[in-house]
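Q:
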Amino acid sequence: ADAEFAYTAVALSHDGELLAVCSEAPDMQLSVWHWKKKAKLSSVPIQHAVSSISFHPADPSCLVTVSSPDCHSSTAAADDSTAAAADTAAARAVQLWRLDKLWSRHELHATQLQLPADCVASCHAWAPEGLYLGCRNGAVLCMDPETSAVIGMVPSTADASAAAAGIASIAVNKDAAVVAGRAAPQLMFYSRAVQSLQDKHQAQSPANLQLVGTVTVSNQGCESICFGGPSYRDLVAHTTDGSLLLLTRPNNSS
Numbered sequence: 008a009d010a011e012f013a014y015t016a017v018a019l020s021h022d023g024e025l026l027a028v029c030s031e032a033p034d035m036q037l038s039v040w041h042w043k044k045k046a047k048l049s050s051v052p053i054q055h056a057v058s059s060i061s062f063h064p065a066d067p068s069c070l071v072t073v074s075s076p077d078c079h080s081s082t083a084a085a086d087d088s089t090a091a092a093a094d095t096a097a098a099r100a101v102q103l104w105r106l107d108k109l110w111s112r113h114e115l116h117a118t119q120l121q122l123p124a125d126c127v128a129s130c131h132a133w134a135p136e137g138l139y140l141g142c143r144n145g146a147v148l149c150m151d152p153e154t155s156a157v158i159g160m161v162p163s164t165a166d167a168s169a170a171a172a173g174i175a176s177i178a179v180n181k182d183a184a185v186v187a188g189r190a191a192p193q194l195m196f197y198s199r200a201v202q203s204l205q206d207k208h209q210a211q212s213p214a215n216l217q218l219v220g221t222v223t224v225s226n227q228g229c230e231s232i233c234f235g236g237p238s239y240r241d242l243v244a245h246t247t248d249g250s251l252l253l254l255t256r257p258n259n260s261s
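Okay, so the sequence shown: first residue is 8 according to this note's numbering, each after it adds one.
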């Protein structure tokens with residue numbers, strides 16, 4: 008790879024063949040590699056540092072990147088308010104990328120998702136019904152990445168202290184969408200938006216994702232969470248105090 012300083016985000020495709028990397032300033036780029044062949048398939052410059060990236064679980068030609076103000080490096084002039092405003096909006100972008108094969112080469116093309124005006128994405132997770140996004144105001148969105156339609160959501164929290172740090176990580180399995188915050192000692196388990204899957208292309212209000220449970224994992228909060236295990240029911244939580252916790256759920260639980 009060819010970053011001058013460091014990488015801000017990396018991801019492997021689910022088939023293990025492709026590697027996507029995002030580098031930081033001054034050479035900010037998104038690059039996709041066929042790593043076993045040591046071959047770079049495509050590379051494009053990006054305007055803002057990416058905080059998270061992932062491949063679609065079933066389609067390695069589809070990726071999503073999230074640019075966060077926390078991972079933001081800008082070349083805009085500080086005294087130019089118009090440029091700064093545009094710069095801030097771009098730094099919050101969620102982009103859907105397509106890796107298109109054109110004869111003997113590949114090209115990356117991006118489409119920006121249109122989030123609700125008060126939502127700034129901080130993390131994401133794929134599911135069959137759409138793309139789940141955790142936001143800095145505490146909201147959770149499930150969106151159709153092709154149309155930017157909101158399929159389901161948890162509105163932003165009215166608790167200012169809980170919303171202050173926003174959502175740090177989100178993970179989805181067949182049972183629930185789980186969110187974690189750096190200032191929240193509890194993991195929040197929400198129903199998925201599968202009830203709206205067949206109707207997601209119709210004009211209607213998004214379904215509210217229901218809180219189905221909570222688990223206290225730390226006195227402070229969590230940096231990240233992810234599902235794993237044979238049945239994808241084991242949850243690993245990385246807490247802000249540096250601990251790693253494994254939460255297991257019996258197969259016969261509801």
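Glycine included, every Cβ here is placed at the ideal spot set by N, Cα and C. As the structure is a prediction and not an experimental result, all values here were calculated from the model.
Taking the beta carbon of Asn-180 as the centre, do at least 16 other beta carbons fall within 10 Å, making it buried, or is it exposed?
A: With 16 or more other CB atoms across the displayed protein chains lying within 10 angstroms of its CB, Asn-180 is buried.
Q: Buried or exposed: which applies to Gln-217, given that a residue is buried once 16 or more other Cβ atoms fall within 10 Å of its Cβ?
A: Only exposed fits Gln-217, as fewer than 16 other CB atoms lie within 10 angstroms of its CB.
Q: Taking only the alpha-carbon atoms, compute the straight-line gap between Pro-64 and Leu-70 and give it to the nearest angstrom.
A: 9 Å
Q: Just grab the DSSP bridge partners of Thr-15 for me.
A: Bridge partners of Thr-15: none, in fact.
Q: Considering Cα atoms alone, identify which of His-21, Val-39, Trp-133, Phe-234 is closest to Lys-108.
A: For Lys-108, the nearest C-alpha among the options comes from Val-39.
Q: Just verifying my parser: in three-state terms, what is the DSSP assignment at Val-201?
A: In this structure, DSSP gives Val-201 a helical state, which the three-state scheme calls helix.
Q: Apart from the five residues just before and just after Pro-67, which ones in its own chain have a Cβ nearer than 8 Å to its Cβ?
A: Ser-20, His-21, Asp-22, Glu-24, Leu-25, Leu-106
Q: Looking only at C-alpha atoms, which of Arg-256, Ile-232, Gln-119 sits nearest to Ser-238?
A: Arg-256
Q: In terms of residues, what are the limits of the beta strand (DSSP E) holding Gly-159?
A: Note, Gly-159: beta strand (DSSP E), 157-161.
Q: In angstroms, rounded to a whole number, what distance separates the CA positions of Asp-125 and Val-222?
A: 28 Å
Q: Rounded C-beta distance between Val-73 and Val-101? I'm assuming under 8 Å.
A: 5 Å
Q: From Thr-247 to Pro-192, what distance separates their C-alpha atoms?
A: 10 Å
Q: Looking at C-alpha atoms only, which residue of Leu-254, Val-185, Asn-144, Val-57 is the closest neighbour of Ser-30?
A: Val-57
Q: Out of curiosity, what's the CA-to-CA distance linking Leu-48 and His-113?
A: Going from the Cα of Leu-48 to the Cα of His-113 covers about 6 Å.
Q: Report the rounded CA-to-CA distance for Leu-115 versus Ala-16, giving the unit in angstroms.
A: 17 Å
Q: Would you call the CB atoms of Ala-178 and Glu-230 closer than 8 Å?
A: Not a contact, by the Cβ cut-off of 8 Å.
Q: Residues bridged to Ala-214 by DSSP?
A: Beta-bridge pairing by DSSP links Ala-214 to Gly-159.
Q: For the beta strand (DSSP E) that Pro-192 lies in, which residues bound it at each end?
A: No beta strand (DSSP E) contains Pro-192, which DSSP labels as neither H nor E.
Q: For Thr-118, which residues in the same chain have their Cβ closer than 6 Å to its Cβ, ignoring the five residues on either side in sequence?
A: Excluding sequence neighbours, Thr-118 sits near Leu-103.
Q: Suppose you measure from the CA of Gly-137 to the CA of Ala-156; what does that come to, to the nearest Å?
A: Between the alpha carbons of Gly-137 and Ala-156 lies a gap of roughly 10 Å.
Q: What separation, rounded to the nearest whole angstrom, lies between the Cα atoms of His-245 and Gly-188?
A: Between His-245 and Gly-188, the C-alpha separation is close to 11 Å.
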